[in-house]
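Enquirer: Counting from 9, one number per residue, gives the positions in the sequence shown under the working numbering.
After the structure tokens below, expect a handful of questions from me.
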Amino acid sequence: MVASNRKKQRLPSPHGLSNFPESVVDEILVRLPLRDARCIIHPPPLFKGFDMIISLELIEVTISSELLGSSISHCPLLEHLVLEHDEDSNHIEISAPRLRSFFFIGDINFLHLKNVPLLSKVSYGPIEFLVEAEYDLAKIFDSIPALENLCWIHDYVQAVDVGPAEVIPTRLPSALNCLKRLYISRISLGEFFDLSFALCLIRSSPNLEEIEIEDYFEPMPRDAVNEIPASFSDITFNHLRTVKINNVARARAELQLIKVLLAKSPTLVKMVIKPRRMEDKKSLKKTMILAKNALEVKDE
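Now the structure itself:
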């Protein structure tokens with residue numbers, strides 16, 4: 009065997025990217041998304057962003073909020089962004105004029121989408137959810153005028169800090185006129201804040217075509233449930249064709265929402281109601297009959 013005279017190549021250290029020219033860093037990161045990298049980013053002093061990058065995934069990457077917002081905002085061709093930023097951070101401002109899809113897990117209160125006119129697909133997994141005034145909820149959606157698909161993943165929420173009940177408006181100040189598909193995961197239709205939040209999104213989206221809710225039931229006061237039908241009195245969902253509500257426990261809030269969607273959706277084609285494991289098909293069928301009968305009595 010002939011021994012090789014070539015020296016064994018060494019990979020750069022975790023901080024090695026700092027020593028490369030800006031053009032080389034750009035080329036490396038365009039071809040190698042930072043996914044599950046658990047790395048620390050220390051870019052060159054003159055680094056401003058990734059000129060050619062189209063898709064960027066930053067998951068458990070340690071980076072300052074200022075650099076994060078600045079780097080993303082200097083990606084003029086960016087269309088797809090995945091960001092998991094669960095560390096305590098300052099305000100993050102993102103400007104991405106070509107961004108079309110965005111997946112975010114973190115503290116949504118520190119995130120500001122400043123210039124995203126084409127953004128149509130959004131998935132939010134907030135870790136903390138602070139609502140102290142009506143505008144706190146409105147400002148999350150005000151900057152996404154082209155939103156068509158919204159996925160709100162409530163599973164990640166570790167802390168919800170809310171003010172008085174009235175901080176959740178009946179509907180948003182500006183309607184989500186482009187929203188067609190709404191998916192809300194792990195939300196409790198029996199908890200006042202969760203129910204108010206879900207109903208606000210539904211009422212604010214007159215052109216919805218599909219709604220899916222993963223319910224997680226908790227008891228709720230009767231008075232609040234009785235007010236649900238009246239809050240939809242001036243709304244008709246003329247484009248809604250599919251409704252799915254999973255993990256139904258036959259609670260009054262669930263029944264009221266089912267009744268409203270049946271009554272207010274003249275073009276509804278498909279409604280799928282999946283019970284909790286403890287609920288059998290017979291009890292679920294009884295729930296649907298009660299909803300249907302309530303509607304027929306109202307029509308008479």
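All C-beta atoms in this analysis are idealised placements derived from N, C-alpha and C, irrespective of residue type, glycine included.
In or out: V316 buried (at least 16 other Cβ within 10 Å) or exposed?
Expert: Absent from the model: residue 316. The displayed extent of the chain is 9 to 308, so no value can be given.
Enquirer: Considering only residues of the same chain and omitting the five flanking positions on each side of N246, which have a CB-CB separation below 7 angstroms?
Expert: Same-chain partners within the cutoff: P274, T275.
Enquirer: Assuming V233 and R260 make a contact with CB atoms under 8 angstroms, what is their CB distance in whole Å?
Expert: The Cβ separation is near 5 angstroms, so the contact holds.
Enquirer: Leaving out the 5 sequence neighbours to the left and right, which residues in its chain are closer than 6 angstroms to L119 when beta-carbon positions are compared?
Expert: So the qualifying residues of the chain are I100.
Enquirer: Going by beta-carbon coordinates alone, are S109 and N123 separated by less than 7 angstroms?
Expert: Their beta carbons are not under 7 angstroms apart, which means S109 does not touch N123 by this criterion.
Enquirer: Of all the options T70, K282, L190, which has the alpha carbon lying nearest to the alpha carbon of Y132?
Expert: With distances taken between Cα atoms, Y132 lies closest to L190.
Enquirer: Rounded to whole angstroms, what's the CA-CA distance from P283 to A257? Just pull it up for me.
Expert: Computed Cα separation, rounded: 6 angstroms.
Enquirer: Under the rule that 16 or more other beta-carbon atoms within 10 Å means buried, what is N255, buried or exposed?
Expert: Buried.
Enquirer: To which residues does DSSP link F111 through a beta bridge?
Expert: In the DSSP output, where bridge partners are listed per residue, F111 has V90, S131.
Enquirer: Since L248 and E217 are thought to touch, with beta carbons under 8 angstroms apart, how far apart are those beta carbons, to the nearest angstrom?
Expert: Sure, about 6 angstroms apart at Cβ, within 8 angstroms.
Enquirer: Tell me which residue opens and which closes the beta strand (DSSP E) that D223 is part of.
Expert: Segment 218-223, the beta strand (DSSP E) holding D223.
Enquirer: Using the Cβ count rule (16 or more neighbours within 10 Å means buried), how would you classify D44?
Expert: At D44 the pLDDT is 45, less than 50, meaning the model places this residue with poor confidence; the figure from the coordinates comes in the next sentence. By the 10 Å Cβ count, D44 comes out exposed.
Enquirer: State the DSSP-derived secondary structure class of F149, mapped to helix, strand or coil.
Expert: Note: F149 maps to helix in three-state DSSP.
Enquirer: Less than 8 angstroms between the CB atoms is what I'm expecting for H88 and I71, so what's the real figure, rounded?
Expert: That pair is no contact at about 18 angstroms.
Enquirer: From T178 to V130, what distance separates their C-alpha atoms?
Expert: About 22 angstroms.
Enquirer: Please report how far the alpha carbon of L121 lies from the alpha carbon of K278, in whole angstroms.
Expert: Distance between the alpha carbons of L121 and K278: 35 angstroms.
Enquirer: Report the three-state DSSP secondary structure of H82 (helix, strand or coil).
Expert: It is coil, neither helix nor strand.
Enquirer: Could you check how far apart the C-beta atoms of L180 and A154 are, in whole angstroms? I think they sit under 8 angstroms.
Expert: 15 angstroms between Cβ atoms; not a contact.
Enquirer: Between the Cα of V90 and the Cα atoms of V69, H82, E74, which residue gives the shortest distance?
Expert: The shortest C-alpha separation from V90 is found at V69.
Enquirer: Which stretch, first to last residue, makes up the alpha helix (DSSP H) that contains I210?
Expert: It spans 200-211 - the alpha helix (DSSP H) in which I210 sits, taken as one unbroken run.
Enquirer: Please state whether the Cβ-Cβ distance between I113 and W160 is less than 7 angstroms.
Expert: In this structure, W160 does not lie closer than 7 angstroms to I113 by Cβ.
Enquirer: So, helix, strand or coil for V139, using DSSP?
Expert: In this structure, V139 counts as strand in the three-state DSSP scheme.
Enquirer: Using the Cβ count rule (16 or more neighbours within 10 Å means buried), how would you classify N13?
Expert: Below a pLDDT of 50, predicted positions are generally treated as unreliable, and N13, at 41, falls in that range; the measurement from the model is reported next regardless. Exposed, since its Cβ has fewer than 16 Cβ neighbours within 10 Å.
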